[in-house]
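Novice: Residue numbers (the working numbering): 685 to 1104.
Just so you know, even glycine gets a beta-carbon here, dropped at the ideal spot from N, CA and C.
Since the structure is predicted, the reported quantities are computational estimates derived from the model, not experimental observations.
#1: Unbroken beta strand (DSSP E) runs of length 3 or more, entirely within the region 964-1043: which are they?
#2: Find out if the Cβ-Cβ distance for the pair residue 1100, residue 689 is shorter than 8 Å.
#3: Tell me whether residue 693 sits in a helix, a strand or coil according to DSSP, three-state version.
#4: Just curious, the beta strand (DSSP E) that residue 685 is in, first and last residue?
#5: Compute every distance between the C-beta of residue 878 and the non-hydrogen atoms of the ligand NAD, then say whether any falls below 7 Å.
#6: Taking the C-alpha atoms as reference points, what is the distance between residue 862 and residue 932?
#7: Only counting the same chain, and skipping five residues up and downstream in sequence, which positions put a Cβ closer than 6 Å to that of residue 875?
#8: So within the region 863-893, which uninterrupted alpha helix (DSSP H) runs reach at least 4 residues, ignoring any that extend past its ends?
#9: Exposed or buried, residue 1038, counting other C-beta atoms within 10 Å across all chains shown (16 or more means buried)?
#10: Nearest-angstrom Cα distance between residue 726 and residue 775?
#11: For residue 951, write down the residues that DSSP places opposite it in a beta bridge.
#12: Quick one: what's got a C-beta closer than 6 Å to residue 691's C-beta in the same chain, skipping five residues either side?
#13: Can you tell me whether DSSP reads residue 906 as helix, strand or coil?
#14: Do residue 894 and residue 930 count as a contact pair if the criterion is CB distance below 8 Å?
#15: Quick one: using the 10 Å Cβ neighbour count with 16 as the cut-off for buried, is residue 864 buried or exposed?
#16: Leaving out five residues before and five after residue 694 in sequence, what residues of the same chain have Cβ atoms less than 7 Å from its Cβ?
#17: Look at the Cβ atom of residue 983, then the Cβ atom of residue 868, and state whether they are nearer than 8 Å.
#18: Would the region 1007-1018 count as touching the region 829-845 if we require 3 or more Cβ pairs under 8 Å?
#19: Taking a contact to mean a Cβ-Cβ separation below 8 Å, would you say residue 1019 touches residue 764 in this structure?
#20: Hey, how far is the Cα of residue 699 from the Cα of residue 818?
#21: To the nearest angstrom, how far is it from the Cα of residue 800 to the Cα of residue 999?
#22: Give me, in chain order, the residues of the same chain whose beta-carbon lies closer than 7 Å to that of residue 1048; leave out the 5 immediate sequence neighbours on both sides.
#23: Do residue 842 and residue 873 have their beta-carbon atoms positioned less than 8 Å apart in this structure?
#24: Run the CB neighbour count on residue 1105, radius 10 Å, all protein chains shown included, and call it buried at 16 or more, exposed below.
#25: Give the DSSP bridge partners of residue 719, in chain order.
#26: Any idea what DSSP makes of residue 861, helix, strand or coil?
#27: Could you say which of 1078, 1032, 1076 lies nearest to residue 789 if we only look at CA atoms?
#28: Just checking my contact of residue 946 with residue 871 at CB under 8 Å: how many whole Å lie between their CB atoms?
#29: From residue 891 to residue 944, what distance separates their C-alpha atoms?
#30: Indicate the three-state DSSP secondary structure (helix, strand or coil) for residue 925 in the structure shown.
#31: With burial defined as no fewer than 16 other Cβ atoms inside 10 Å of the residue's Cβ, what is the status of residue 964: buried or exposed?
#32: What's the gap between the Cα of residue 986 and the Cα of residue 1002?
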């Protein structure tokens, strides 16, 4: 539904004459392009013509800013309604009726305040509403994302789901889990499509991670097991291998897309300190668990720091239900907010339109203020015909005396489009 706000000079005559002229221009039986309503524009503080010209340039931007706030509220409410009809009102009445019965709100926007202050007041209110909406939608969006992630992990395959939600006592009773000083059982999920290659190569994963080298006892084993100082001559990494314990692979669970395995790996390796030239060099601990996790990521296997918890499934279900309740509550609260603040934003937008008509009319017709404004409700598909009729019947074509050959025309009426 489209509207146009139009204004013409009274030219010293009665406002009723101007009203009838605009009615016959585009809202009469001969020109049935629209329905017309009177638009009461209050007497606003004019100031200087220079300040009005500056304000006129700024009002277009202000109009866009306030309209943007209105549109964002409409869009948010529509998204929250999820396809259902949205009933946003202005002061309890539909927006169309509010426009058609417009009356300046002097309590909210005192018309005796300077125009610049009045516009700043309206703009500031609209910007504050938009900022609050931004914060609310961000909080709601974060909560929705968290809920979707919970659903994804619960309903996805073994590559994405929470394993505590999938596994049960019957499955885990068959799995040998080791967590000792030197060994640890880890869990890895892979796509079904690479099962064969994974099982063939699992014991060579990280083949250069563990150093299996040490003193060579083949020639003299008499000191085997005794404290011996070898210094820096022993290269633990001369012989390297995988941290995966041979024969430890266990198939835990599988679905149509993925497989979950358990396998045991060496936790780490301590490289002992040594004396060199009478000075002791401190040994260091190498963490194989972290290194193995890195290798899995590089090969796009899913490795997690997972501990089987039989009670976690019920905890997750409760957490999911609580999250759903929170999302539903925030949805309802945000929708109420949109309904409550839509009217404020729309009222601000309408008042900006009226101020624009006032400023443009004063700049066009001069002082004292003497013009009549109306609202055209355009009939479906008649917008172009209405504009053409207004041009023809309200226009006052004049040629600039200094530019007689350029064909430029001047139309003596103000016209602003309004698409609520």
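Specialist: Working from what's here:
#1: Those beta strand (DSSP E) runs which fall completely within the region 964-1043 and span 3+ residues are 968-971, 986-988.
#2: Going by C-beta atoms, residue 1100 is nearer than 8 Å to residue 689.
#3: Residue state, collapsed to three classes: strand.
#4: Segment: none, residue 685 is in no beta strand (DSSP E) and carries neither H nor E.
#5: Absent from the structure shown: the ligand NAD. Ligands present: none.
#6: Inter-residue distance for residue 862 and residue 932 is about 10 Å (C-alpha atoms, whole angstroms).
#7: Only 942 meet the Cβ criterion.
#8: Listed in chain order, the complete alpha helix (DSSP H) runs (minimum 4 residues) inside the region 863-893 are 879-885.
#9: Taking all protein chains in view, the Cβ of residue 1038 is crowded by 16 or more other Cβ atoms within 10 Å, so the residue is classified as buried.
#10: Residue 726 and residue 775: Cα-Cα distance of roughly 20 Å.
#11: DSSP links residue 951 through a beta bridge to no other residue.
#12: Excluding five sequence positions before and after residue 691, the CB atoms of its chain that fall closer than 6 Å to its own CB belong to 1041, 1045, 1055, 1057, 1098, given in chain order.
#13: Collapsing the DSSP output to three states places residue 906 in coil.
#14: Contact: no.
#15: By the neighbour-count rule (16 or more Cβ atoms within 10 Å), residue 864 is not buried but exposed.
#16: Closer than 7 Å at the Cβ level, and outside the excluded window around residue 694, lie 702, 1054, 1055, 1056.
#17: The answer is no: Cβ separation not under 8 Å.
#18: Result yes; three or more Cβ-Cβ pairs closer than 8 Å.
#19: Cβ atoms of residue 1019 and residue 764: closer than 8 Å.
#20: Whole-angstrom Cα-Cα distance: 44 Å.
#21: Between residue 800 and residue 999, the C-alpha separation is close to 58 Å.
#22: 1098.
#23: Taking 8 Å as the Cβ cut-off, residue 873 and residue 842 qualify as a contacting pair.
#24: One cannot answer for residue 1105 here, as it falls past the ends of the chain, which runs 685 to 1104.
#25: Partner residues in the beta bridge of residue 719, as assigned by DSSP, are 1061.
#26: Shown here, residue 861 sits in coil according to DSSP, grouped into three states, outside any helix or strand.
#27: With distances taken between Cα atoms, residue 789 lies closest to 1032.
#28: That pair is a contact at about 5 Å.
#29: For residue 891 and residue 944, the distance between alpha carbons rounds to 22 Å.
#30: DSSP places residue 925 in strand when its eight states are reduced to three.
#31: By the neighbour-count criterion, in which a residue is buried when 16 or more other Cβ atoms sit within 10 angstroms of its Cβ, residue 964 is exposed.
#32: Those two C-alpha atoms are separated by around 26 Å.
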